[in-house]
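Chemist: In full-length UniProt numbering, the protein residues as written are 1 to 128.
For every residue, glycine included, the Cβ atom is placed at its ideal position computed from N, Cα and C.
Here the structure is a predicted model, which is why all the values come from computation and not from measurement.
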Amino acid sequence: MSESNSPHIPKDGEDSIFDKIVKREIPSTVVYEDDLVMAFRDIAPKAPVHILLIPKNRDGLTRMSVAEEKHKAIFGHMLWASSEIARREGLAEGWRLVINDGPNGGQVVYHLHMHILGGEKLGDFNKL
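1. Between ILE116, LEU112, ALA47 and ARG96, which lies nearest to SER16 when the distance is taken from Cα to Cα?
2. Name the two residues that bound the continuous alpha helix (DSSP H) containing ALA81.
3. Tell me LEU122's beta-bridge partners as DSSP assigns them.
4. Report the residue from VAL30, MET114 and ILE85 whose alpha carbon sits nearest the alpha carbon of PHE75.
5. Output the distance between the C-alpha atoms of GLY60 and LYS72, rounded to the nearest integer angstrom.
6. Per the DSSP calculation, HIS50 is bridged to which residue(s)?
7. Which whole-angstrom value is the C-beta distance of residue 188 and VAL109, which I expect to be below 8 Å?
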């Protein structure tokens, strides 16, 4: 799911594009899923391996900077899941975990998500 240049901020009660992926209303290539998170391949990858990891229940987490204490558990689970996904993808030589937050951070889809990037020697952040 490549992020375009125009941000989509879901209104209260409105589904994000990632909510629609969780509901299977939009197709995706899921590489990992459990009760709390889903991970799928980006449709416009920036590296040989480019996976998006999302909480299945957005629970107000449109971006990192709005996280509340109640979200601590999902963040911990997402970090663990990112490591598990990297292992399954064969990224033993290294990988990068990125969270874009807000307009100045390059966020376009306002449903918290992590980018798992790897499969090659990654350069500086200008490549993203």
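Modeler: Let me spell this out:
1. For the residues ILE116, LEU112, ALA47 and ARG96, the minimum Cα distance to SER16 belongs to LEU112.
2. Annotation for ALA81: the continuous alpha helix (DSSP H) segment containing it runs 72-88.
3. Paired residues: none, contrary to the question.
4. Of VAL30, MET114 and ILE85, the residue nearest in Cα terms is MET114.
5. Roughly 13 Å separates the two Cα atoms.
6. According to the DSSP secondary-structure assignment, HIS50 is paired through a beta bridge with LEU117.
7. Only positions 1 to 128 of the chain appear in the structure, and residue 188 is not among them; the question remains open.
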